[in-house]
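As they're listed, the protein sequences go chains C and U.
Residue 61 in my numbering sits at position 59 of the first sequence, and the numbers go up by one each step.
Residue 439 in my numbering sits at position 286 of the second sequence, and the numbers go up by one each step.
What follows is a set of notes on a single structure, which appears directly below.
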Amino acid sequence: MDILVTHNITKRFANHVALNGVSISVPQQSIYGLLGPNGAGKTTLIRIINMITGPDEGEVLLNGEKLRQNHIEQIGYLPEERGLYKKMKVGEQALYLAQLKGLSRADAMKKLKYWFEKFEIAGWWNRKVEELSKGMQQKIQFIVTVLHEPKLLIFDEPFSGFDPINANIIKDEIIRLKENGATIIFSTHNMSSVEELCDDIALINKSNKILEGKVKEIKDTYKDNVYQVELTGYNHELKHQLNGDFIIEQEAHADDILTANIKIRNGKSTNEMIQALMQFGNVHAIREIIPTMNDIFIAKVNNDTLKYNSATNLTE
Amino acid sequence: MKKTLIIIKREYLSRVKKRSFIVMTILGPILMASLMIVPFFISKWGEDTKNIDVVDETGIYVDHLTSNKSVQFNYLPTNIKTAKDNLIKSGSYCLLYIPKPTLTDSNSALLYYSNKQPGISVTSYVHEKMKYVLENKMLHDKYGLDKKDIESVKTTIDLKMENVQTGENSSPELTMMIGLFAGILIYISIFMFGSQVMRGVIEEKTSRIIEVIVSSVKPFQLLMGKITGIALVGLTQFMLWIVLTLGIVTVFQASVFTATKKNVSTEQKGINVQQHTLMTNTIDKSTPKDEDTEMMNSVMHSVGSYNYVMIILMFLFFFLFGYLLYGALFAAIGSAVDNEADTQQFMLPITIPLILAFVLSQTIINNPQGPLAFWFSIIPLTSPIVMMIRLPFGVPTYELILSMGLLVLGFLGATWFAAKIYRTGILMYGKKVSYKELWKWLKY
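And the structure:
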């Protein structure tokens, strides 16, 4: 069951099209990555889902219902451009924002207490926001976003402004929220956090969706049947004697170890490759080269063939 | 609606709790009450008598310059040199020297001073008195007349006004004052509270809280919540001002009344009671010499002859809707810019009608029923100020209703216009917005 579906969303501004017939489906209780270069239209799509702006064409369905103003209380949104009233006290401000999300004052108070204790920031309650560091403000914003226990959470670059320790705290919270039943849409440029967290992704480029699916499936479609093998005690004739089913794309020698990226062709199996390699040396290690999300992102956005990043690139 | 109330509450409380609000609320009534009370005291306080030594070589002025309470002429028989030398020792304020007329210079005089330069009140008094003496002498020499003869034929016409329907009589000065005061107060408060709206919008934009809020409420709710909250701040301030001012004046009036009753001093206080505002029939006849009480009563009575409740209610109406209209426009400006410095280019079209109304106030007072006054008090952008100026002079009911109705319509129109600009503008960053751009936003 998909909690959120957008159908052919089109949004035009005065002199450009921000979204061109974008359809995405976000499965229930998943972490859904919304990816794309700057200016691709991600924020516009997120704003449409939050009913901050309306689409020119297309519709948004939340739990199968057309999006209405009172659905807003089931959504929690942490925008990329976020801030707080600087002159207002932390507690007062958190209460205010929680009440705007439809919580009663007493309810908001109870929940805020829980979160403030959890994040060990209870002492900040009466401090003015301007006295807090950026990371501290981000924590408060995170709390305010999740406080009303929305079914759908939208985080736009949630880790910006956090040090690694606090980023991990937030990351754990996001995973915990998902385990408790929430669905999370997650927009970021940080591909390693996408690999770590996301179950599904959509890639938007130049106002169009160019890729959508489960992270694992996407990676599987983009892998190229290339394996990285390490041989010791190898024969230098290897390169010339290996038949056409196995192509060495790259190789490197170090400390009597040959590392090679070998592409398997003509439907041969890995076992057959190992058998072939065994004639030339000891197979020390073998692993499949799976493209990272970063590689796929760059290849798709540049409309280019896949290039492996430096971790698996042997010539650099 | 519930969320709009939450917003109104925040906007209201965050401003009312500010120190500047509390200071203004206390200072305002003190200033206004002192506007009524201070002139009363000033008339009582005599100035120090300033001694002016006179050395007159012409002999025309000797014993003819009339002294008053504050200026006392002393004629010295000595020559100018000794008089000058004695000036510092004698402690006189200054020394007037009138030399013998020469061929080229007939009517000149010289004022010597030691440490303090004589003030304008003294020099003009001296000038006036010398002129009087000389003119008097010339009249006498040429026509055998006296200045007093001329004075005796001068007459003053006392023009009173009375409304045939209500029998109320009023003084044009006071009518003018009330209208002008109310008009200026509306002018100032529209600017003051309107720019508070604008700054509030800019604050939300620059602190980037705006997107967090508009993901919970509609931009229009936030806009209306802010404008309404600040309107309530303004109304609170005015209510407190009115109540506190009346309180101070009443307490003062009561204390003056009891004090003067006890005090049987018959000292001539030289108070210049404006005769045409004096309604002696209400004055306590038991103390006929108590001019303090008399004056206070007369002022209070003529103030009371206006329909004060009506004027205050109209003031609150025109302030409220004038502010709402302009507040919406100010909010639109705030949403279109990134910081206060960029507001200048958009401020002009909004401030022009306000300033125009203000500048024209004199013309409107001179002819409160003329076509200029009529049109400017009907057009919503200027009506809050101009109508308040006209109101004490009496405005036909249908004109008042027309003006109020159009103002409400103007407010609705301005809000519609502002909401369109606002909802696009608040999410627009780092872009210098032009009028052309704003026009596009209207059509989104």
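Cβ coordinates follow ideal geometry from the N, Cα and C atoms, glycine included.
Since this is a predicted model, take the numbers as computed values, not measurements.
Going by C-alpha positions, L21(C) is about 9 Å away from K44(C). Judged by beta-carbon spacing, I50(C) lies within the 9 Å limit of I11(C), meaning their Cβ atoms are closer than that value. The three-state reading of DSSP puts V285(C) in strand, counting E and B together. F334(U) places its beta carbon 9 Å or farther from that of L507(U).
Residue nearest to M53(C) within the set E59(C), N40(C), P39(C), L69(C) is L69(C) (criterion: CA-CA distance). Bounds of the beta strand (DSSP E) holding Y228(U) are 224 to 228.
For K300(U), the enclosing alpha helix (DSSP H) stretches over residues 300 to 306. Under DSSP, D209(U) forms a beta bridge with I251(U). Taking a contact as a CB-CB distance under 8 Å, the pair I161(U) and T359(U) does not count as one, their CB atoms being some 22 Å apart. A direct Cα-Cα distance of roughly 8 Å separates V7(C) from G66(C). Nearest to K141(C) by alpha-carbon distance, out of K120(C), N237(C), A278(C), is K120(C).
By the CB criterion at 9 Å, A567(U) and L466(U) fall outside the cutoff. Annotation for L509(U): the continuous alpha helix (DSSP H) segment containing it runs 497 to 512. Within the same chain, Cβ atoms closer than 6 Å to the Cβ of E232(C) are found at I259, T261, H286, A287, the five residues on either side in sequence being excluded.
Relative to A278(C), the option among E239(C), P57(C), I300(C), H255(C) whose CA is nearest is E239(C). Counting the other CB atoms within 10 Å of its CB gives V402(U) a total of 16 or more, which places it among the buried residues. At least 9 Å separates the beta-carbon of V539(U) from that of L559(U).
Per the DSSP secondary-structure output, A42(C) pairs with nothing in a beta bridge.
Assignment of beta-bridge partners to F15(C) by DSSP yields H18(C). Only buried fits P293(C), as 16 or more other CB atoms lie within 10 angstroms of its CB. With a threshold of 9 Å between beta carbons, A16(C) makes contact with chain U. The residue among K301(U), P502(U), F546(U) with its C-alpha nearest the C-alpha of Y461(U) is F546(U). For G78(C), the uninterrupted beta strand (DSSP E) run begins and ends at 77 to 80, by DSSP. Per DSSP, reduced to three states, the secondary structure at G35(C) is strand.
No Cβ of chain C is located within less than 9 Å of the beta carbon of K269(U). Apart from the 5 residues on each side of it in sequence, G23(C) sits with its Cβ closer than 6 Å to the Cβ of N10, T12 in its chain, given in chain order.
With 16 or more other Cβ atoms inside 10 Å of its own Cβ, I517(U) counts as buried.
Annotated three-state conformation of K88(C) is coil, per DSSP. Among the residues facing chain U, I77(C) is included, as its CB has a counterpart in that chain under 9 Å away. Contact of E290(C) with chain U is not assigned, every C-beta pair being separated by 9 Å or more.
By the 16-neighbour rule on beta-carbons within 10 angstroms, S194(C) is exposed. With respect to the 9 Å criterion, V92(C) and L205(C) are not classified as neighbours on the basis of their beta carbons. Judged by their CB atoms, Q71(C) and T185(C) are not nearer to each other than the 9 Å cut-off. The C-beta separation of M90(C) from V217(C) comes to about 40 Å, leaving the pair out of contact by the 8 Å criterion. Under the Cβ criterion of 9 Å, Y165(U) is not counted among the residues facing chain C. Secondary structure at A254(C): strand, using DSSP grouped into helix, strand and coil.
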